[in-house]
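Chemist:
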Amino acid sequence: MKNFRKITGALVLIFLFAGGFIFAQDKAINANQLPKTAKNFLAANFKGIAVGSAIEDREIYGVDEYQVYLANGMKVEFDSSGNWKEVDGKHQKLPYGFIPVSIRNYAAKNFPNTYIIKIEKERWSYKAELSNGLDLEFDKKGNFKKIDD
Numbered sequence: 001m002k003n004f005r006k007i008t009g010a011l012v013l014i015f016l017f018a019g020g021f022i023f024a025q026d027k028a029i030n031a032n033q034l035p036k037t038a039k040n041f042l043a044a045n046f047k048g049i050a051v052g053s054a055i056e057d058r059e060i061y062g063v064d065e066y067q068v069y070l071a072n073g074m075k076v077e078f079d080s081s082g083n084w085k086e087v088d089g090k091h092q093k094l095p096y097g098f099i100p101v102s103i104r105n106y107a108a109k110n111f112p113n114t115y116i117i118k119i120e121k122e123r124w125s126y127k128a129e130l131s132n133g134l135d136l137e138f139d140k141k142g143n144f145k146k147i148d149d
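The end of the sequence shown is residue 149 by our numbering, with every number in the run present.
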């Protein structure tokens, strides 16, 4: 009886784990299927750069995030509402229009011969990667906190 319980428990875990893979799927979508907020962000900050592909990351409870790959190689991640989470220039200079002014100013003043190639917006902070490889961390208001290792 004890072995039966162990086997039953293991089978239940296997089915739950496998079920997560069945229901959590990435799905290619058309760029016009992105949330309006995401489409507006792309139009404002990447004008004239075509969307190469867009992926909807679905979880059991709905859309978790969107990943957009631009024709110039850059990648933009959006949350389920279409707000940007991360912009990765893939070693190219990012357009600065959406980056908080305090972050742009700090990078320009303290690292004048560099530019921002990647930025992540997290719940309580921002992380910006510079072209020289340094990672800078800022609080939610854009105030410099530290150089991240």
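Glycine included, every Cβ here is placed at the ideal spot set by N, Cα and C.
Quantities reported herein were computed from a predicted structural model and do not represent experimental measurements.
1. In whole angstroms, what separates the C-alpha of A107 from that of E86?
2. Measuring only the C-alpha atoms, how far is V76 from A44?
3. Is the beta carbon of A50 closer than 8 Å to that of I29?
4. By the three-class DSSP mapping on this structure, what secondary structure does Q92 have?
5. Are three or more beta carbon pairs between the segment 66-82 and the segment 31-44 nearer than 8 Å?
6. For L34 versus Y69, is the C-beta spacing smaller than 8 Å?
7. Going by Cα to Cα distance, which pick from G52, L134 and D57 is closest to A71?
8. Can you check whether the CB of D135 is closer than 8 Å to the CB of I147?
9. Does G20 come out as helix, strand or coil in the three-state DSSP assignment?
10. Step through the CB atoms of chain B and report whether any lies within less than 8 Å of the CB of R104.
11. Report back the beta-carbon spacing between I117 and G142 to the nearest angstrom; my notes put them in contact at under 8 Å.
12. Tell me which residues share the same chain as G62 and place their Cβ nearer than 8 Å to its Cβ, disregarding the 5 neighbours each side in the sequence.
13. F46 and P95 - do their beta-carbons sit closer together than 8 Å?
14. Out of V101, K145, L42 and N32, point me to the one whose CA is closest to W124's CA.
15. Quick one: is E129 buried, meaning 16 or more other Cβ sit within 10 Å of its Cβ, or exposed?
Modeler: Judging by the given coordinates:
1. 18 Å
2. 13 Å
3. no
4. Under the three-state reduction of DSSP, Q92 is assigned to coil, being neither helix nor strand.
5. yes
6. no
7. G52
8. yes
9. Any reading at G20 needs caution, since the residue's pLDDT is 46, under 50, leaving its predicted position unreliable; the model's value is listed next. Note: G20 maps to helix in three-state DSSP.
10. Note that chain B does not occur in the displayed structure, where there is just one protein chain.
11. Not really, about 18 Å apart at Cβ, beyond 8 Å.
12. Hits under 8 Å: S80.
13. yes
14. K145
15. buried
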